[in-house]
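Protein chains: 2
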Amino acid sequence: MSKIVVDMMGGDLGPEAAKEGVRSFKTLHPETELILVGDPKALADMEGYHIVPSTSVVKMDAGALDALRDKSSSMSLAIKTVIDEKADAVVSCGSTGAFLTMASLKLKKIKGVLRPALITSFPTVIKGKSVTILDIGASTENSAEELAQFALMGSLYSEFVNGVHSPKVALLANGSEAGKGTEAGKAAYTLIKQDSKIDFVGNREARDVMSGDLDCVVSDGYSGNVLLKATEGTAKAMSFLMKKAFKKNILTMLGYLFAKGGIKEMAHTMDYKAVGGALLLGVNGAAIKAHGNCDGYAWKSALCVADKIAKAHLVEKIEKRITNE
Amino acid sequence: MSKIVVDMMGGDLGPEAAKEGVRSFKTLHPETELILVGDPKALADMEGYHIVPSTSVVKMDAGALDALRDKSSSMSLAIKTVIDEKADAVVSCGSTGAFLTMASLKLKKIKGVLRPALITSFPTVIKGKSVTILDIGASTENSAEELAQFALMGSLYSEFVNGVHSPKVALLANGSEAGKGTEAGKAAYTLIKQDSKIDFVGNREARDVMSGDLDCVVSDGYSGNVLLKATEGTAKAMSFLMKKAFKKNILTMLGYLFAKGGIKEMAHTMDYKAVGGALLLGVNGAAIKAHGNCDGYAWKSALCVADKIAKAHLVEKIEKRITNE
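These protein sequences, in sequence, are chains S and L.
The first sequence begins at 2 in this note's numbering and counts up one residue at a time.
The second sequence begins at 2 in this note's numbering and counts up one residue at a time.
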């Protein structure tokens, strides 16, 4: 049976959104054990759930050090509960820096893993198909060996969490030819190519990520972060311009009314809330960081990702693949 | 008087687009001397222009080495003409790799410049305002000193080519706080901060590039390339989805007809053809690489950028600033 710990207190929308997400998730997966960490008063209406009481909340802008000092916060207790209760995963939408640092330090790396990586899913132009990217920022610089392990972890994630048979894995580079990339990237290319269990398609440029041809893209943490945020920034800029375009005059406003159905479908394809945040892969127990402003729906998505990871025994699979080599 | 050499033969659309661009430019700037390099037959109708005859064309997919070997190509002769005729700039829309390698090798670096950088302009959400980014791929990895010189060159470019008084320069990083970034980036932060002639606003994330708050963003070549291509890929994906959204049914198609004016204005804001390609900064004579599929309008824009650089004496200004320090 899978067991998931939930930090109910972080995030901009507070425990109400978390509770809504937990209830929706539970309807879908009554078999999964959930442990809710939070202020007992705020969780008073969650009868029948296993509740671990906490007395404080890590602020959204808290630094990692401040957060580490406060042992009674819901975030700190949630991570501790993963260890105490041998849980499979922990979900929080509190401060990203605090949560990731805490999870990296306390959950310990899977045996054989050099560095944990932060992985997320991007939408693609193909409806319902996403592409996973790692590392998007757990590290800044990475060695070739670390990048090769990211390829392995990303491939397993795509296969067992996203359900892709023989996922196509690419290495992010400044050109699609072999021989492109940083020094570490070039050495990683050779290492990944040697791994017969990875369907490695070679180097790909950042412009190909959302094309729908790839299942997983491997990058060092710094460039992966640039990729993530450039995509976010461009999508934001284009949405802004699109809204402006529709507000130009009475005709364009009328146009919006007619086109609304299509536009909403497009917005849904690009919706990050449907893909469940980001998660730290490579530690004992997946640590899922849902978006800070996530609502009930986004909470449910994040819990579903945690559940898939748990049911797929992803941590064990990673350890087995890495130590066998 | 400014003098610009034009490689008329490269690009997907061939010399006809180049000729159209040259004629439009000449109407705007009759005072600028243009030297056109190309097949005399193809340029037979360009009476009154200074023509340097060439006998071959570098293929769009040519490698840098192949291109370097062919001394009679329009690209090779165009770069040679910059040196022979002491021209200010050269414009080509041929193979990017070939053109940049050739320009780097033959035009030589400006005195004091450690590494040339490839600079380009991105649109922002503010109509008519662009932001310049360098390096977007001349190098892969860069030292702190190189990054600091990019800040200086980018600031001068924004001021004298884009006409921005006291341009705001930011360093690309994986967080906006000081102390974020790669090791080289962190050291560059300190160096740039010490330069009182640069209005340095500190670290910025990739998501802030198109916000309209910045005039110039400095990055190592690898991450700058990721930024450029992630932006391009996202814009392409969203345009694709938008078109699909409008084609959904008869109502959405009707919506497009009404909203067309606004949508076209949005497309124009995002139009890379209006910003004039990319250029190699830091060599003696700016080398401007127009987009491979550029039409007459894009050619004209690229020639206007070349002309501004020439008239601003940008090369001299860079040398003066760098050697004075």
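Yeah, the Cβ is synthetic: ideal placement off N, Cα and C, and Gly gets one too.
Note that this is a predicted model, so its numbers are computed, not measured.
Return the first residue and the last residue of the alpha helix (DSSP H) that VAL316 of chain S is part of. Per DSSP, the continuous alpha helix (DSSP H) segment holding VAL316 of chain S begins and ends at 315-325.
Cα-Cα separation between LYS181 of chain L and ASN175 of chain L, rounded to whole angstroms: Rounded to whole angstroms, LYS181 of chain L to ASN175 of chain L spans 6 Å at the Cα level.
For ASP216 of chain L, which option in L:LYS265, L:SER93, L:PHE161, L:MET243 has the closest C-alpha, if you only look at C-alpha atoms? Nearest C-alpha to ASP216 of chain L: L:PHE161.
Can you grab the Cα-Cα spacing for the pair ALA275 of chain L / ALA291 of chain L, in whole Å? Only weak support exists for where ALA275 of chain L lies, its pLDDT of 48 falling under 50; the value from the coordinates is given anyway. Per the coordinates, the alpha-carbon of ALA275 of chain L lies some 11 Å from the alpha-carbon of ALA291 of chain L.
Just to make sure I have the definition right: I need the residues of chain S whose C-beta is within less than 7 Å of the C-beta of LYS230 of chain L. Which are they? For LYS230 of chain L, the neighbours in chain S by C-beta distance under 7 Å run, in chain order, GLU206, ALA207, ARG208.
For ILE289 of chain L and ALA90 of chain L, which I take to be in contact (beta-carbon distance under 8 Å), what is that distance rounded to the nearest angstrom? With 8 Å as the limit, ILE289 of chain L and ALA90 of chain L qualify as a contact, their Cβ atoms being about 6 Å apart.
Excluding the 5 residues flanking ALA171 of chain S on each side, which residues of the same chain have their C-beta closer than 8 Å to its C-beta? Excluding residues within five positions, the ones whose Cβ falls inside 8 Å are PHE201, VAL202, GLY203, ASN204, ARG205, ASP209, LEU215, CYS217, VAL218, VAL219.
Contacts that ALA246 of chain L makes with chain S (C-beta to C-beta distance below 7 Å): Within chain S, the C-beta atoms nearer than 7 Å to that of ALA246 of chain L come from ALA260, GLY263, ILE264, GLU266, MET267, in chain order.
Looking at the ligand ADP, does it come within less than 7 Å of VAL114 of chain S, judged from the CB to the closest heavy atom? Among the ligands in the structure shown, none appear at all, so the ligand ADP cannot be discussed.
Would you kindly work out how many angstroms separate the C-alpha atoms of GLY263 of chain L and GLY234 of chain L, rounded to a whole number? Going by C-alpha positions, GLY263 of chain L is about 22 Å away from GLY234 of chain L.
Presumed contact (8 Å Cβ cut-off) between THR232 of chain L and ALA79 of chain S, rounded CB distance: Contact flag wrong, Cβ pair sits at about 36 Å.
Is LEU153 of chain S near ILE323 of chain S, with beta carbons less than 8 Å apart? Cβ atoms of LEU153 of chain S and ILE323 of chain S: closer than 8 Å.
Measure the CB-CB distance between THR253 of chain L and PHE259 of chain S and report whether it falls below 8 Å. Yes, they are a contact pair.
Between the segment 303-322 of chain S and the segment 129-149 of chain S, do three or more beta carbon pairs fall short of 8 Å? No, the segment 303-322 of chain S does not touch the segment 129-149 of chain S.
Do you know how far the Cα of MET239 of chain L is from the Cα of ALA236 of chain S? Between ALA236 of chain S and MET239 of chain L, the C-alpha separation is close to 7 Å.
Is the CB of VAL126 of chain L under 8 Å away from at least one CB in chain S? Proximity of VAL126 of chain L to chain S, defined by a Cβ-Cβ separation below 8 Å, is satisfied.
Per DSSP, what are the beta-bridge partners of ALA279 of chain L in this structure? For ALA279 of chain L, which the question treats as bridged, DSSP gives the partners L:THR121, L:LYS290.
Answer with yes or no whether the minimum CB distance from ALA275 of chain L to chain S is below 8 Å. Because ALA275 of chain L carries a pLDDT of 48, less than 50, the predicted location of this residue cannot be relied on, and no value is offered for it.
Contacts around SER55 of chain L, its chain only, beta-carbon distance under 7 Å, and the 5 residues preceding and following it disregarded: Cβ neighbours of SER55 of chain L beyond the five flanking positions: MET10, VAL38, GLY39, ASP40, SER73, SER74, SER75, LEU78.
Assign LEU304 of chain S to buried or exposed, taking buried as 16 or more other Cβ atoms, counted over all protein chains shown, within 10 Å of its Cβ. Burial call: buried.
Taking LYS27 of chain L and LEU35 of chain L to be in contact with their CB atoms under 8 Å, please state how far apart those CB atoms are, rounded to whole angstroms. About 7 Å separates the beta carbon of LYS27 of chain L from that of LEU35 of chain L, a gap short enough to meet the 8 Å contact definition.
N- and C-terminal bounds of the beta strand (DSSP E) containing VAL58 of chain S: Under the DSSP assignment, VAL58 of chain S falls outside any beta strand (DSSP E); it carries neither an H nor an E label.
What are the start and end residues of the alpha helix (DSSP H) that includes ASP308 of chain L? Its alpha helix (DSSP H) spans residues 297-312.
So, is the C-beta of PHE26 of chain L closer than 8 Å to a C-beta in chain S? Not closer than 8 Å to any Cβ of chain S, the Cβ of PHE26 of chain L fails to qualify, so no.
Tell me, to the nearest whole angstrom, how far the beta carbon of LEU207 of chain L is from that of TYR190 of chain L; I am working on the premise that it is less than 8 Å. The amino acid at residue 207 of chain L is misidentified as Leu; the sequence shows Ala. Rounded to whole angstroms, the Cβ separation of ALA207 of chain L and TYR190 of chain L is 17 Å, and the two are not in contact under 8 Å.
State the Cα-Cα distance for the pair SER177 of chain L and ALA311 of chain S, rounded to the nearest angstrom. Straight-line measurement puts the Cα of ALA311 of chain S at about 35 Å from the Cα of SER177 of chain L.
Across which residues does DSSP place ASP200 of chain L in a beta bridge pair? For ASP200 of chain L, the pairing in a beta bridge is given by DSSP as L:LYS169.
Which same chain residues, not among the five before or five after LYS194 of chain S, have their C-beta less than 7 Å away from its C-beta? Closer than 7 Å at Cβ, skipping near neighbours: PHE201.
Below 6 Å CB to CB, which residues in the same chain sit around TYR257 of chain L once its five sequence neighbours on both sides are set aside? Excluding positions up to five away in sequence, the list reads PHE247.
Cut-off 7 Å between Cβ atoms - residues of its own chain near MET47 of chain L, not counting five sequence neighbours on either side: In its chain, beyond the 5 residues on either side, LYS20, LEU37 have a beta carbon closer than 7 Å to the beta carbon of MET47 of chain L.
Against chain L, with Cβ distances strictly below 8 Å, would GLU21 of chain S count as a contact? With 8 Å as the cut-off, GLU21 of chain S does not count as an interface residue toward chain L.
Give the C-beta separation of LEU242 of chain S and VAL126 of chain L to the nearest angstrom, bearing in mind that I take them to be a contact with Cβ-Cβ under 8 Å. Rounded to the nearest angstrom, the Cβ distance from LEU242 of chain S to VAL126 of chain L is 6 Å, consistent with a contact under 8 Å.
According to the Cβ coordinates, are SER96 of chain L and ASP71 of chain L closer than 8 Å? It is not a contact, given that the beta carbons lie outside the stated cut-off.
Cβ atoms of LEU229 of chain S and ALA185 of chain S: under 8 Å apart, would you say? Cβ atoms of ALA185 of chain S and LEU229 of chain S: not closer than 8 Å.
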